[in-house]
Structures are given as C-alpha cells and as structure tokens.
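28 is the number of the first residue of the sequence shown in this note's numbering; add one for each residue after it.
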Amino acid sequence: MFNLENFDIKLETEVIGRNFIYCEEIDSTNSDLLSGKQNYKKNGTVLLAEKQHAGKGRKDRTWQSAKGLNLTFSILLLKESLTSININHLNFAASLAVANAIENLFQLKTELKWPNDVLINKKKVAGILTETSIKGSKIERAVIGIGLNLNQITFQGEFNFPPTSLKLELREDVDRENMLAEILNNFEELLFELESKPATILNEWRAKCQMIGDKISIIENDKVKSGIFYDIDENGFLLLRHNDSLEKIHFGDVSFI
Ligand code: BTN
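Encoded structure:
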C-alpha cells in the first residue's frame, strides 16, 4: 500500500502533487487526466495508480508494470501554467527530475537517452510520455506520464531496450513514497527554471546524455537513419549529422551502431 502520510511529509512543492489522487486500478493515468473529468481541474494534480490495464508507452507501445511495486503516475499542467513554456521541453525537465531524484537518494549514476528515457548501467529504468489536449488551436492541458521501475525484479515481454529497476541495481527495496516526493520536488524546481532559463535545462540534459557525439542509428517513421548524434536543438529535436549535413529528427528511437 502507498503510505500517503509518508509521501506528504517529504513533499516540498507549492503546486505539483498538492492535489494528489491515488487509485488502485485504472486504464491509464495519462488518458484519465487528459479527459479532464471529475476533480482534474487543479493545476499540478498528480494521479498515481497501483495498476494500469492499458498503460501507454511512446510510439503506441504499452507500458507494463507490476501492481504495487513501481511508480506509474501522471502530472497535470493546465494551460495557464504553460503560457511561457515550450511543450517539448517538458519531457526534458521530467526525465531530468527522475534522474536527479535517483542520484540524490541513492548516488546511482543515471544517463538520459533521447528523447526521454532514464537509464542506469545502459538499461532503462524509467520512461516518460507527455501528451496534450488541444482546444481550437491552443493547448488546453498537458499530461506528463512517468513510469519508473522500483521494486519489480523480473520483466516479461519484448522491450526495445533492456529494462531494469532500482531494486535490481541497488539490491534492496526502495521506498516509493520518498521516491515520488523527491521526483515531484525536483520537477517543480525544473519547471520554474523552464520558464525563465530553458537553455539551462537543455544543457543539464545534454550533460547527462552520453550518446552525443556517438554513431547512432535511429528509427523514424519506420525508416532507419544512421549518423552522428550531433546535438539537440533549442526545441529538443535531435540533430543527426550524416554526409556533412544536419538532419532534424522529431520522433524516434535511438540505438548505438
Ligand atoms: C515510454 O518509455 O515508452 C513511456 C512510458 C510512459 C509510461 C507512463 S506510466 C504512467 C503514465 N500513464 C501511461 O499510460 N503511460 C505513462
């Protein structure tokens, strides 16, 4: 069971997670928050589910997570809090928040993989899926969904990248309440920074991405492209260098060659 009191003691935010909704089972925390129903009207609402029956991953994949062992949650940001933020940057702030939280609590070295995976020892420990709902031509709400493997030690199924969990890396159980509070504390700070100094967030992200400068291949719209991971641009798109030209990649999966 998730201990709300322990979580609350550690939460130091002003907005993020102050409206906290816990549920046992749900289809997807992202889809539910995006729907805008019930009491999903407060900026910074966090919805945590012990089990998702239709957890979503990037590129129409699914996100599987054993009940009660990990963290699967989403953060709601309403349009008024998004006016001075580039939506693409939210992924970078979220993956940094997870990586920083892991490093602060456990001194484990993390690495970030474009666009928003968190890795430990070259294995994926967390994934992030940011979705928006649009009204007219304006973004109405953004939902940042985070799946972080904590205490699960076996993984079944097919993965585009080998999975791991904090327990597998640390060889001990991890306190979910403490971890969630640490992520939200970090995320709120990074969100403030995103408004005033987005370049700093992208630089912090770059510093944790060890693939920059490496030869990679990337699958975008079913096409495999190869080249050097040159950099990310100011919107967070990947710049792939091949034959002395730079190609901007908007969406894809990176792997080493
Ligand atoms: C990925 O790496 O493909 C992204 C995975 C994102 C999973 C999280 S779990 C909580 C939230 N709800 C969802 O349905 N997906 C995200």
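C-beta atoms are modelled at their ideal positions from N, C-alpha and C, and glycine is treated no differently.
Quantities reported herein were computed from a predicted structural model and do not represent experimental measurements.
Cβ-heavy atom distance, residue i to ligand 1, below 7 angstroms
i: R168; result: no
i: S111; result: no
i: D144; result: yes
i: N178; result: no
i: R233; result: no
i: N57; result: yes
Beta-carbon spacing of residue i, residue j below 8 angstroms
i: E158; j: N57; result: yes
i: E209; j: N131; result: yes
i: A128; j: M238; result: no
i: A153; j: I173; result: yes
i: G254; j: H116; result: no
i: E167; j: K106; result: yes
i: L266; j: D260; result: yes
i: K275; j: A126; result: no
i: L61; j: W232; result: no
DSSP state of residue i mapped onto helix, strand, coil
i: D260; result: coil
i: S160; result: strand
i: E247; result: strand
i: F214; result: helix
i: R268; result: strand
i: F188; result: coil
i: I112; result: coil
i: V125; result: helix
i: D280; result: strand
Identity of the residue in the options nearest residue i by Cα
i: G240; options: W141, F29, K69; result: W141
i: K149; options: L60, K242, T137; result: T137
i: K83; options: R168, I53, I147; result: I53
i: G71; options: V201, N113, N46; result: N46
i: H80; options: K69, A93, K86; result: A93
i: T191; options: E274, V145, I259, S111; result: V145
i: L193; options: F219, L123, R203; result: R203
i: N212; options: K68, D35, F29; result: D35
i: A76; options: F186, F214, C50, K242; result: C50
i: F278; options: V251, D258, E247; result: E247
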